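**Student:** According to UniProt numbering, the sequence shown is numbered sequentially starting from 1.
Beta carbons: idealized from backbone N, C-alpha and C, even for Gly.
No experiment lies behind these values; they were computed from the predicted model shown.
Provided herewith is a single structure, encoded as structure tokens, for subsequent inquiry.
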Amino acid sequence: MSLKIFSSRVLWKVLNHGVVTSSKPLRAGDAAAAAVGWRSVWGYHNIEKPRSQGPDRAANIRVVDLRSDVMAQPGPAMRQAMVKAVLEDDLMRGEEAVDELENITADMCQMEAALFVPSGTMGNLIAVMVHCRERGDEMIVGDRSHLHIYEQGGSAQIAGVHSVTATNLPDGTFDLDQLESKIRHDYPKPYYPRSRLICVENTHNIQGGRVLPLTFLQEVRALADRYGLSVHMDGARVMNAAVAQRVPPSTILQHTHTVMLSLCKGLGSPVGCMVAGPRDFISQAVRCRKALGGEILKAGILAAAGKLPLLEMVERLEEDHRNAKTFAEALLDCDPPLFAVDMAAVETNIVRFHLQEPSLSPSEFCARMGQVGEGEEAALGQGIEVLMLSHFGNSVRAVWHLGISPEDTQLAIQKMQFVASQFLEEKVRGQ
Ligand SMILES: Cc1ncc(COP(=O)(O)O)c(C=O)c1O
């Protein structure tokens with residue numbers, strides 16, 4: 001993928017900071033990375049792979065953690081950047097470093113300003129608070145959105161904002177007629193809330209990392225403009241969307257007023273998210289962040305960890321997408337045919353799939369994947385624990401991230417095939 005996804009200012013920085021030619025010898029995961037054209041000698045990968053601990057466990061058990069991209073650990077380069085930030089910053093306040101991170105983000109998003117916040121949940125809540133400032137304001141949000149399902153209803157309990165849901169279609173979009181039907185038209189009659197905001201999620205987590213089509217976003221924005229509403233994007237994984245669509249993030253974000261994007265998922269930073277939007281929105285967001293206790297003092301160390309992935313690691317996400325696809329293809333090819341997966345839906349780093357065998361539930365499958373089975377070490381040469389989660393709609397979800405190499409993906413495939421054949425053998429034996 002070309003570096004065109006960056007604005008010229010960021011591209012300049014990439015060119016000046018990014019290329020570290022290393023004289024170090026290649027280490028374990030590097031050969032696999034080199035095979036896919038990714039230079040892990042840059043030190044982004046967490047090369048130390050987790051191994052099962054415990055006195056009675058064999059030493060040769062590999063763990064592949066596909067539960068979530070929040071499991072990504074900072075690699076050596078990021079750790080170094082954090083140490084350097086501590087050493088360079090006398091007072092450890094890091095205001096300049098945070099300013100720089102915010103400027104880089106605003107530039108990448110082509111928005112006027114940006115703000116560093118501790119979490120995506122807080123970033124979304126701040127956006128809701130700023131967009132919906134009057135008592136009785138309402139937002140339209142996807143019925144399967146993270147904002148609606150997994151953020152404890154913070155928009156209601158803290159911001160006092162009423163939500164109405166639009167149905168998330170399997171690709172994460174809405175039916176536009178249904179969306180329009182959710183807009184209230186009766187303000188200032190006293191009976192109804194006042195529509196203020198439409199929230200979209202890109203990529204869509206529950207729907208399996210789906211990328212919202214640019215045409216859909218354009219239509220949502222046109223609708224919002226027609227009724228004087230704002231559009232906020234929960235873009236925790238908007239960089240995955242940009243990489244998948246091969247466009248700069250700003251091409252996506254031109255259709256939204258504001259965005260929250262996460263530094264600590266596929267981008268691998270330990271903490272933090274960014275909120276971006278118009279300058280007056282960000283001024284208000286600063287006030288909300290303070291009220292929510294989200295202003296972090298001495299944040300230079302975190303800003304250093306956030307800057308690195310924005311400048312140098314966005315394109316790396318493509319590797320996660322490729323690994324996810326490889327795994328999904330292996331699910332389809334698995335003999336016995338135990339799995340159903342819609343390949344067209346595997347667009348980024350998340351694979352959602354179903355088990356075709358009613359007697360094997362998603363949680364039992366996950367349990368089998370996550371423990372070393374009988375005869376496994378003899379059959380596979382080592383024990384492999386692959387951690388996945390049972391998910392919405394009786395599915396299983398697996399997520400690729402910084403810590404999962406092509407080699408780990410192959411281990412996950414071996415394990416999946418082992419579990420499938422073991423299950424079938426048991427079935428045949430009538431166990
Ligand atoms: C789509 C989406 N939005 C928001 C969040 C919340 O981010 P955080 O965990 O940083 O609060 C997540 C977390 O996984 C997410 O997947």
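Buried or exposed: V341, going by 16 or more other Cβ atoms within 10 Å of its Cβ?
**Tutor:** Label assigned to V341: buried.
**Student:** In whole angstroms, give me the CA-to-CA distance for D320 and K307.
**Tutor:** Those two C-alpha atoms are separated by around 20 Å.
**Student:** What beta strand (DSSP E) runs, 3 residues minimum, are completely inside the region 259-308?
**Tutor:** Taking only runs of at least 3 residues, the beta strand (DSSP E) segments lying wholly in the region 259-308 are 273-277.
**Student:** Select from M129, I140, C109, E151 the residue whose C-alpha is nearest the C-alpha of S119.
**Tutor:** Of M129, I140, C109, E151, the residue nearest in Cα terms is E151.
**Student:** Applying the 10 Å Cβ sphere with the 16-neighbour rule, what's the burial state of Q157?
**Tutor:** Flag for Q157 reads exposed.
**Student:** May I have a chain-ordered list of the beta strand (DSSP E) segments no shorter than 3 residues that lie completely inside the region 211-240?
**Tutor:** Listed in chain order, they are 230-235.
**Student:** Which first and last residues belong to the beta strand (DSSP E) in which G383 is found?
**Tutor:** That run of the beta strand (DSSP E) goes 383-387.
**Student:** For the alpha helix (DSSP H) containing S363, name the first residue and the last one.
**Tutor:** Its alpha helix (DSSP H) spans residues 362-369.
**Student:** Exposed or buried, L66, counting other C-beta atoms within 10 Å across all chains shown (16 or more means buried)?
**Tutor:** Looking at its Cβ environment, which holds 16 or more other Cβ atoms inside 10 Å, L66 is buried.
**Student:** Spatial neighbours of I310 within its chain, please: C-beta separation below 8 Å, excluding the five flanking residues on both sides.
**Tutor:** Residue 310 is actually Leu in this sequence, not Ile. Within the same chain, L310 has close Cβ partners V10, L101, I104, T105, M108, L263, L267.
**Student:** Would you mind working out which of R352, G75, A299 sits nearest A324, comparing C-alpha positions?
**Tutor:** Measuring from the Cα of A324, the nearest candidate turns out to be R352.
**Student:** By the 10 Å Cβ neighbour count, where 16 or more other Cβ atoms means buried, how is N60 classified, buried or exposed?
**Tutor:** Exposed, since its Cβ has fewer than 16 Cβ neighbours within 10 Å.
**Student:** Between which two residues does the alpha helix (DSSP H) holding S195 run?
**Tutor:** Element bounds for S195: not the alpha helix (DSSP H) but the beta strand (DSSP E), 194-201.
**Student:** So for E374, helix, strand or coil by DSSP?
**Tutor:** The answer is coil: DSSP assigns E374 none of H, G, I, E or B.
**Student:** On the DSSP bridge list, what partners appear for V351?
**Tutor:** Beta-bridge pairing links V351 to A398.
**Student:** Taking the alpha helix (DSSP H) that S405 belongs to, which residues open and close that run?
**Tutor:** No alpha helix (DSSP H) holds S405; DSSP gives it neither H nor E.
**Student:** If you check the beta carbons only, do K298 and V70 fall under 8 Å apart?
**Tutor:** Result no, Cβ atoms of K298 and V70 do not sit closer than 8 Å.
**Student:** Which residues in the same chain as A412 place their Cβ atom closer than 7 Å to its Cβ, once the five residues preceding and following it in sequence are excluded?
**Tutor:** Closer than 7 Å at Cβ, skipping near neighbours: V64, L66, F327, V386.
**Student:** So for I413, helix, strand or coil by DSSP?
**Tutor:** DSSP places I413 in helix when its eight states are reduced to three.
**Student:** Beta carbon of A420, beta carbon of C334: below 8 Å?
**Tutor:** Yes, these two residues count as a Cβ contact at 8 Å.
**Student:** Would you kindly report the start and end of the unbroken beta strand (DSSP E) that includes S163?
**Tutor:** Taken as a continuous stretch (DSSP letters only), the beta strand (DSSP E) holding S163 covers 162-166.
**Student:** Decide if V314 is buried, meaning its Cβ has at least 16 other Cβ atoms within 10 Å, or exposed.
**Tutor:** It counts as buried.
**Student:** P213 and H162 look like a contact to me (Cβ under 8 Å); what is the Cβ gap, rounded to whole Å?
**Tutor:** In fact, because the Cβ distance is near 29 Å, the residues do not count as touching under 8 Å.
**Student:** Going straight from the alpha carbon of P74 to that of K427, what length do you get?
**Tutor:** For P74 and K427, the distance between alpha carbons rounds to 42 Å.
**Student:** Do the region 252-261 and the region 109-116 meet, that is, are 3 or more Cβ pairs less than 8 Å apart?
**Tutor:** Result yes; three or more Cβ-Cβ pairs closer than 8 Å.
**Student:** Using only the alpha-carbon positions, how far apart do Q284 and H131 sit?
**Tutor:** Going by the C-alpha atoms only, they are around 10 Å apart.
**Student:** Assign T215 to one of two classes, buried (16 or more other C-beta atoms within 10 Å of its C-beta) or exposed (fewer than that).
**Tutor:** Result: exposed.
**Student:** Tell me which same chain residues have a C-beta within less than 8 Å of the C-beta of G430, skipping the five on either side of it?
**Tutor:** Excluding residues within five positions, none has a Cβ falling inside 8 Å.
**Student:** Please report the residue range of the beta strand (DSSP E) in which I140 lies.
**Tutor:** 137-142 is the extent of the beta strand (DSSP E) around I140.
**Student:** Where does R322 fall in DSSP's three states?
**Tutor:** DSSP places R322 in helix when its eight states are reduced to three.
**Student:** Quick check: what's the CA-CA separation for residue 433 versus E312?
**Tutor:** Residue 433 lies beyond the range of the chain shown here (1 to 431); nothing can be said about it.
**Student:** Given P270, which residues of its chain have a CB within under 7 Å of its CB, disregarding the five upstream and five downstream residues?
**Tutor:** Within the same chain, P270 has close Cβ partners P74, C264, A305.
**Student:** Hey, would you say the C-beta of H391 is under 7 Å away from at least one heavy atom of ligand 1?
**Tutor:** No.
**Student:** Within the continuous alpha helix (DSSP H) that includes L115, where are the two ends?
**Tutor:** Note, L115: premise wrong, no alpha helix (DSSP H); beta strand (DSSP E) at 113-117.
**Student:** If we ignore side chains and look at the alpha-carbon of each, how far apart do T279 and C288 end up?
**Tutor:** Residue identity check: residue 279 is Arg in the sequence provided, not Thr. For R279 and C288, the distance between alpha carbons rounds to 14 Å.
**Student:** Which first and last residues belong to the beta strand (DSSP E) in which D65 is found?
**Tutor:** 61-65 is the span of the beta strand (DSSP E), which, as asked, contains D65.
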